[in-house]
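Asks: Numbers 1 to 189, taken from my numbering, label the letters of the sequence shown in order.
All C-beta atoms, glycine included, are put in the ideal place defined by N, C-alpha and C.
First the structure, then my questions, so here it is.
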Amino acid sequence: TCTGSNFAYRRDAFFAVNGFAGIAHFISGDDDLFLHKMHDHRLGRIGYAAHPHVQAAVRPPASWRDFQSQRTRYASKGRHYKPGVTLGLTAVFLLNLLLCLGFLAILAGAIQIFAAACVCGLVKAGCEYFYLRRAAAWFGEQKLLKYFSIAALIHPLYVVYFSLRAPFAKFSWRGERFSATTQQTSVSV
1 TCTGSNFAYR RDAFFAVNGF AGIAHFISGD DDLFLHKMHD HRLGRIGYAA
51 HPHVQAAVRP PASWRDFQSQ RTRYASKGRH YKPGVTLGLT AVFLLNLLLC
101 LGFLAILAGA IQIFAAACVC GLVKAGCEYF YLRRAAAWFG EQKLLKYFSI
151 AALIHPLYVV YFSLRAPFAK FSWRGERFSA TTQQTSVSV
């Protein structure tokens, strides 16, 4: 995946895949979907700039409302991916939904379901921690790992909330209001 703030490509490759044609009308995801176009055309190697000092710093959303709009916009592009990617995203959503429902099972007295959700949650968190610990060390951001435990508890709710919200909610971006079904009418290249 990529974002417009950390993505670079050669001009000739851009023209070889016909630029943003076919994806420019999407409100969100043109950068990510463009990367998929480049991959499909196999014009060369796609690589990550593997140096900690090439991080692209971006300003975080200023408020909860801005954050909610940003994440809703990000999640709204999921339906535009290829079936394999969509299947993977669906699996992630279902795992997180099952974790949320499993934790609610304790309210119904379903101890076994709750216990199974706890085990699944611990396995999920363990895998994520293994990956994030390596990434944090690489970026020199190990201090952020102190927030991992609370983030691991919140993450399933976050995934489920924005996955369910994205197809229906409106969001603001660059001073305009959109929904997941809105198509951008003008594109600046």
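1. Judging by CA-CA distance, which residue of A125, K143, P167, A136 is the nearest neighbour of S149?
2. Can you have a look at R111 and say buried or exposed, based on whether 16 or more other CB atoms are within 10 angstroms of its CB?
3. Please name the residue, chosen from A166, L104, H36, that lies closest to F14 on a Cα-to-Cα basis.
4. To the nearest angstrom, how far is the alpha carbon of I46 from that of E141?
5. Assign T90 to buried or exposed, taking buried as 16 or more other Cβ atoms, counted over all protein chains shown, within 10 Å of its Cβ.
6. Taking buried to mean at least 16 other C-beta atoms within 10 Å of its own C-beta, is D193 buried or exposed?
7. Residues in its own chain within less than 7 angstroms of N18 by CB, not counting five upstream and five downstream?
8. What are the start and end residues of the beta strand (DSSP E) that includes R177?
9. Excluding the 5 residues flanking F93 on each side, which residues of the same chain have their C-beta closer than 8 angstroms to its C-beta?
10. In angstroms, rounded to a whole number, what distance separates the CA positions of Q68 and A56?
11. How would you call L99, buried or exposed, if buried means at least 16 neighbouring beta carbons within 10 angstroms?
12. Can you tell me whether R73 is buried or exposed, with buried defined as 16 or more other CB within 10 angstroms of its CB?
13. Going by beta-carbon coordinates alone, are H80 and F7 separated by less than 8 angstroms?
14. Does the Cβ-Cβ distance between S63 and A166 come in under 8 angstroms?
15. Please confirm whether F130 and P52 have their CB atoms less than 8 angstroms apart.
16. Among R65, G22, P61, Y9, which residue has its Cα nearest to the Cα of Y198?
17. Select from G84, Q70, R65 the residue whose C-alpha is nearest the C-alpha of V58.
Replies: This is what the structure gives:
1. A125
2. Note on identity: in this sequence residue 111 is Ile, with Arg being the wrong assignment. I111 should be labelled exposed.
3. H36
4. 25 angstroms
5. exposed
6. Residue coverage of the chain in this structure runs from 1 to 189, which leaves residue 193 outside it and unanswerable.
7. none
8. 176-179
9. V159, V160, S163
10. 22 angstroms
11. buried
12. buried
13. no
14. no
15. no
16. Residue coverage of the chain in this structure runs from 1 to 189, which leaves residue 198 outside it and unanswerable.
17. Q70
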